[in-house]
Amino acid sequence: MAEQIVKAKKHVRYNLKKRDSSAILTTIGPVYTWMAIFLTVPMLLIVVVSFMTRGVYGDIVYKFNFDNYIALLDPLYLKVYGRSIVIAFFTTLCCLLVGYPFAYFIATSNPKYRSMLLMLIIIPFWTNSLVRTYAWKLLLEKEGIINTLLMSTGLIEEPLKMLYNYGAIFLGMTYTLFPFMVLPLYSSIEKLDRGLLEAADDLGANSKKAFRFVTLPLTMPGVVAGSLLVFIPSLGFFFIPDLMGGGKQMIIGNLIKNQFLTARNWPFGA
């Protein structure tokens, strides 16, 4: 009788493990398949092409070499990398300085209005970022809405030059990537234990010390996540520097685009 019970338990455990394995494969299998087809394979193709050579007419010559990686160390391209990192850094900093108070305000606001405030952050995702960039151009150009209003009120006599400079690029990137900073910050701040802030207040800490030693360290995961979500895309943007910077400020995204579309040097672009 005891042996039959032991066998029955083993049989049940085996069936449970088999069912769990099937459930995992059914749930996660399609995700890994999708990632393998649409992420891993294209990345491998790009890596392979990067070791090839450009032909005379812009075709790919399948001759293995390291020339493209050596060309990356050219001083001209090193300046582009440095400029890209600086622009991405200040874009991330602007998003963080503006996004943290905004996320804190949403997380500590009345729950009745919290969903509406979050919706205001998410709504820009419903429109293409290229369309939003053109909208900013309409606002900032010399004959745009802002200059027209300022001149009609007599505040300025000549149109302000608000486009085709670094300020316009920072503005366009900050506006486009702002939700990517706010949402991780909101998630971290919303989970913050308010009892810790009350304890800090009871121990005599003012609001500045409580923020420095309690709030900021506990919300640092959101700061890091938001910064990465803003910094990395900032390096690859090309349409915002083209449209709002006039193509005068070359960054990594523009460099890659030009290699693929203008110079037709796919191996170096890869």
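Going by our numbering, the first residue of the sequence shown is number 956, and it counts up by one from there. Heads up, the beta-carbon is just placed ideally off N, CA and C, and yes, glycines get one too.
Distance, residue j Cα to residue i Cα
{"i": "residue 1016", "j": "residue 1103", "result": "54 Å"}
{"i": "residue 1111", "j": "residue 1105", "result": "6 Å"}
{"i": "residue 1101", "j": "residue 1141", "result": "32 Å"}
{"i": "residue 1193", "j": "residue 1056", "result": "29 Å"}
{"i": "residue 1154", "j": "residue 1161", "result": "11 Å"}
{"i": "residue 1178", "j": "residue 1007", "result": "40 Å"}
{"i": "residue 1148", "j": "residue 1044", "result": "31 Å"}
{"i": "residue 1174", "j": "residue 1068", "result": "22 Å"}
{"i": "residue 1152", "j": "residue 1064", "result": "16 Å"}
{"i": "residue 1076", "j": "residue 1048", "result": "18 Å"}
{"i": "residue 1113", "j": "residue 998", "result": "50 Å"}
{"i": "residue 992", "j": "residue 985", "result": "10 Å"}
{"i": "residue 1225", "j": "residue 1213", "result": "12 Å"}
{"i": "residue 929", "j": "residue 1000", "result": "With the chain covering only 956 through 1225, there is no way to say anything about residue 929."}
Among the options, nearest to residue i - alpha-carbon criterion
{"i": "residue 1051", "options": "1211, 1070, 1191 and 1176", "result": "1176"}
{"i": "residue 1019", "options": "1028, 1013 and 1009", "result": "1009"}
{"i": "residue 1039", "options": "1085, 1219, 1161 and 1196", "result": "1196"}
{"i": "residue 1004", "options": "1022, 1190 and 987", "result": "1022"}
{"i": "residue 1200", "options": "1031, 1088 and 1034", "result": "1088"}
{"i": "residue 1189", "options": "1170, 1221, 1130 and 1108", "result": "1130"}
{"i": "residue 1095", "options": "1059, 1035 and 1122", "result": "1122"}
{"i": "residue 1098", "options": "1169, 1083 and 1116", "result": "1116"}
Span of the alpha helix (DSSP H), counted from its first residue to its last, around residue i
{"i": "residue 1087", "result": "1084-1095"}
{"i": "residue 1153", "result": "1149-1157"}
{"i": "residue 1221", "result": "1221-1224"}
{"i": "residue 1189", "result": "1175-1191"}
{"i": "residue 1196", "result": "1194-1199"}
Secondary structure of residue i, DSSP reduced to three states
{"i": "residue 1111", "result": "coil"}
{"i": "residue 1170", "result": "helix"}
{"i": "residue 1206", "result": "coil"}
{"i": "residue 1016", "result": "strand"}
{"i": "residue 1217", "result": "coil"}
{"i": "residue 1131", "result": "helix"}
{"i": "residue 1058", "result": "helix"}
{"i": "residue 1117", "result": "coil"}
{"i": "residue 995", "result": "helix"}
{"i": "residue 1162", "result": "helix"}
{"i": "residue 963", "result": "Caution applies to residue 963, whose pLDDT of 46 falls short of 50 and renders its modelled position unreliable; the value that the coordinates give is listed next. Of the three classes helix, strand and coil, the one that applies to residue 963 here is helix, per DSSP."}
{"i": "residue 1022", "result": "helix"}
{"i": "residue 1064", "result": "coil"}
{"i": "residue 1145", "result": "helix"}
DSSP bridge partner residues for residue i (one or two, in chain order)
{"i": "residue 1009", "result": "1015"}
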